[in-house]
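J.: The listed protein sequences derive, respectively, from chains A and C.
Using this note's numbering, you'd call the opening residue of the first sequence number -13 and step up by one each time.
Using this note's numbering, you'd call the opening residue of the second sequence number 85 and step up by one each time.
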Amino acid sequence: MHSLKLISTFLKVNLQVALAYRMDTLVNIILNLMWLGWELLSLSIIFSNTKTLGGWGPGELIALLGVFRLVNTLMAALIWPATEKFNTSVRDGSLDYTLLQPANSLFLISFSRIVVWRVWDLALGIILLVIGLSISGGSASLVGLGTFIVLVITGMLVIYSLWIVLVAATFWFVKFDNNVTILHALLDTGRYPSTIYPPWLRLIVTFLVPVAVATTVPMQALRGDLTAWQVLMFFSIGVVAFLVAYQVWRLGVRKYSGASS
Amino acid sequence: MLKIYRRMWQVNWAEQWQYRANLLMYLLYWLVSPVVYLVVWTTIANSQGSVNGLTANDFITYYLVLLIVDQLTSDITIHLLAYKIQDGTLSGELLKPVHPILTSTLVNNIAFKALTFIVLLPVWLVLSLLFQPNFASVTWGSILLAVPAAMFGFAISFLLGSTITCLAFWTTRVYSISEFYYALGILFSGQFVPLQLMPRLVQQIAQYLPYQLTRYFPIELILGKLSPEQIILNFALDIFWLLIAFLIFRWVWKEGVKRFSAVGA
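1) So the alpha helix (DSSP H) G41(A) belongs to, where does it begin and stop?
2) For T189(C), which residues from the same chain have a beta carbon less than 8 Å from its beta carbon, with the 5 sequence-adjacent residues on both sides left out?
3) Measure how close the beta-carbons of F93(A) and S(-11)(A) come, nearest whole angstrom, since I'm counting them as under 8 Å.
4) Closest to R77(A) by CA distance: which of F157(A), I100(A), T167(A), W235(A) is it?
5) Assign L138(C) to one of three DSSP states: helix, strand, or coil.
6) Name, going along the chain, the residues of the stretch 186 to 205 of chain A whose beta-carbon falls closer than 9 Å to a beta-carbon of chain C.
7) Buried or exposed for M85(C), going by 16 or more other Cβ atoms inside 10 Å?
8) Which value, in whole angstroms, describes the spacing of the CA atoms of G118(A) and D154(C)?
9) Can you find a CB in chain C that lies within less than 7 Å of the CB of S247(A)?
10) Just to confirm the assignment, what range does the alpha helix (DSSP H) spanning F(-4)(A) have?
11) For Y103(C), does the count of other Cβ atoms within 10 angstroms reach 16, so buried, or fall short, so exposed?
12) Taking DSSP as the reference, what is the three-state secondary structure of M282(C)?
13) Answer yes or no: does any C-beta atom of chain C fall closer than 7 Å to that of V226(A)?
14) CA-CA distance, P302(C) and W24(A)?
15) If the criterion is Cβ atoms closer than 7 Å, does the pair L199(C) and Q100(C) meet it?
16) Mind reading off the beta-carbon distance from V53(A) to P196(A)? Whole number of angstroms is fine, and I expect it under 8 Å.
17) DSSP three-state label for G132(A), please.
18) What do you reckon, are the CB atoms on F272(C) and L293(C) nearer than 7 Å?
19) To the nearest angstrom, report how far apart E177(C) and V341(C) are at their CA atoms.
20) For Q132(C), which residues in chain A fall below 8 Å Cβ to Cβ?
21) Threshold first: 4 residues or longer. Then list the alpha helix (DSSP H) segments lying entirely within the stretch 155 to 222 of chain A, N to C.
22) Enumerate, from N- to C-terminal direction, the unbroken beta strand (DSSP E) stretches of 3 or more residues contained entirely within the stretch 228 to 296 of chain C.
23) For a quick check, are the C-beta atoms of I222(C) and N96(C) less than 7 Å apart?
Set out below in structure tokens:
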């Protein structure tokens, strides 16, 4: 209850920020639409030269693009701004004030800088998903849809956990301000099904920087490519990853000693 | 003049050398898209034998050469200069008796390239081992011809990039404009896909835009895919666009600096 109230306050504050810079928000949305046009055009170029991409049809790739955009929204609306704030506050010591506040520090770091206009992106992702699914014409069962949603959330949890570990590393290595670049760099692999990648790249995006777990895996569940055991495995990996990451964060906070001391 | 450039090289090289760890990260970031496109197109080529006459090996060699050409001809002026225009520190550079963009920024750009190549080469060799390209169509002559093509390509993208950066004299949204400019570039320069796979109309437009001179033309030249007539046409286009880019740049810079001093920043 308490955290819900906090989130709504954060939303309100950040909405005011966005409204103060109305023109920037508009420009950002236009640029965002331009990239969407770019993505759809690139898909149309691909499918004007072929019928399937590694067994995936155009509808499925549009749906995958939708899922990718959902993940990308998570990153752009929460993770990147939070990283920026976190890295600065470790360097100049203002993290002290966050730690002193009577709420969970990880929670405060993660949610205090929500980029509100990205809600638009969220809607766009869902629209792409629906359009893609209706083009591919696969009659998704209710169970398939349920697993899909669970796996999308699991995948985001896995990426969020990796992020926690990466930024927590800053507690030990203060100069490590490139902490999230690897995540940022590999995010683009999520636009295409990881099943077409060569083994070494598939290993990287599944286990090392698990972008595919949040994008390809849920789509595979929807296509019926996964067994119940695999679904269960991905789900438990998500939960375990978060629990481990949270412990790393707590150790890191204990290690942190402020910038001046 | 040559002495000035030499001195600037020493300063800028030292400046860039400080950030070598960041460089590795930058390289990783920049590598991912071409590698993904390579995989996408080789998958398609393998599943149906070829795409529009292009085999899997054609795609592999194309994107591997793209990695090198892209590094040679790309331009980072917006990151070097836009903030100086915005916060007014450009004033200091304007006091110097040499053109700030055509000396310091240019040399900084080149120092950045030289340094990136030290990191890029081993990475490129690893990628070559992984993808096993067959470079049979490349000849010494084609590489030799590609040297001036790449230099033209860099000169054009540097001048156009600088022109876009100079828009910072008028608007604070220069980064958005440059994002738009680069998005068009990915499509029309052949970074996303070899241009011959584009719809015919787009190909015809792309042929006469400056973008393809910075990536597609040097790549195809190296791979020995162009007829003598096409090579001559593209070099003529190189000269034409270099001239245009230089004139536009000179005009925008002159007007911009006038405005800059008028504001008194």
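We treat Cβ as the ideally placed atom computed from N, Cα and C, and that holds for glycine.
The structure presented is a predicted model; accordingly, all values stated were derived computationally and were not measured.
T.: Put simply:
1) As a working note, residue 41(A) is residue 55 in the first sequence. G41(A): not part of any alpha helix (DSSP H); DSSP gives it neither H nor E.
2) Numbered from its first residue, the second sequence carries residue 189(C) at position 105. Answer for T189(C): T161, L164, L165, S246, listed in chain order.
3) Translated into the one-based positions of the first sequence, residue 93(A) becomes position 107. Translated into the one-based positions of the first sequence, residue -11(A) becomes position 3. F93(A) to S(-11)(A), Cβ: 6 Å. Contact.
4) For the purposes of this step, residue 77(A) is identified with residue 91 of the first sequence, where counting begins at 1. The candidate whose alpha carbon is nearest that of R77(A) is F157(A).
5) In the second sequence, counting from the first residue as 1, residue 138(C) sits at position 54. Correct three-state label for L138(C): strand.
6) Against chain C - using a Cβ distance shorter than 9 Å - the residues of the stretch 186 to 205 of chain A are W186, L187.
7) As a first step, residue 85(C) is located in the second sequence; it is residue number 1 there, counting from the start. Under this definition M85(C) is an exposed residue.
8) Counted from its first residue, the first sequence places residue 118(A) at position 132. Counted from its first residue, the second sequence places residue 154(C) at position 70. Rounded to the nearest angstrom, the two C-alpha atoms are 33 Å apart.
9) Against the first sequence, residue 247(A) aligns to sequence position 261. Its pLDDT being 48, under 50, S247(A) is placed unreliably by the model, and the measurement read from it follows with that caveat. Not one chain C Cβ lies under 7 Å of S247(A).
10) Mapped onto the first sequence, residue -4(A) falls at position 10. Its alpha helix (DSSP H) spans residues -12 to 6.
11) Counted from its first residue, the second sequence places residue 103(C) at position 19. It counts as exposed.
12) What you label residue 282(C) is simply residue 198 of the second sequence in a count that begins at 1. Coil.
13) Translated into positions along the first sequence, residue 226(A) becomes position 240. It does not: the Cβ of V226(A) has no partner Cβ on chain C nearer than 7 Å.
14) Here the question's residue 302(C) lines up with position 218 in the second sequence. Here the question's residue 24(A) lines up with position 38 in the first sequence. Distance between the alpha carbons of P302(C) and W24(A) is about 24 Å.
15) Position 115 of the second sequence, counting from 1, holds the residue named residue 199(C). Position 16 of the second sequence, counting from 1, holds the residue named residue 100(C). Yes.
16) Position 67 of the first sequence, counted from the start, is the residue given in the question as residue 53(A). Position 210 of the first sequence, counted from the start, is the residue given in the question as residue 196(A). Contact flag wrong, Cβ pair sits at about 14 Å.
17) As a first step, residue 132(A) is located in the first sequence; it is residue number 146 there, counting from the start. Residue state for G132(A) is assigned as helix, using DSSP reduced to three classes.
18) Position 188 of the second sequence, counting from 1, holds the residue named residue 272(C). Position 209 of the second sequence, counting from 1, holds the residue named residue 293(C). Result yes, Cβ atoms of F272(C) and L293(C) sit closer than 7 Å.
19) Indexing the second sequence from 1 puts residue 177(C) at position 93. Indexing the second sequence from 1 puts residue 341(C) at position 257. E177(C) and V341(C): Cα-Cα distance of roughly 12 Å.
20) Residue 132(C) sits at position 48 when you count from the first residue of the second sequence. Within chain A, the C-beta atoms nearer than 8 Å to that of Q132(C) come from T36, in chain order.
21) 167 to 173, 185 to 189, 197 to 209
22) none
23) Residue numbering aside, residue 222(C) sits at position 138 when the second sequence is read from its first letter. Residue numbering aside, residue 96(C) sits at position 12 when the second sequence is read from its first letter. Sequence inspection shows Val at residue 222(C); the Ile mentioned does not correspond to that position. Not closer than 7 Å, so no.
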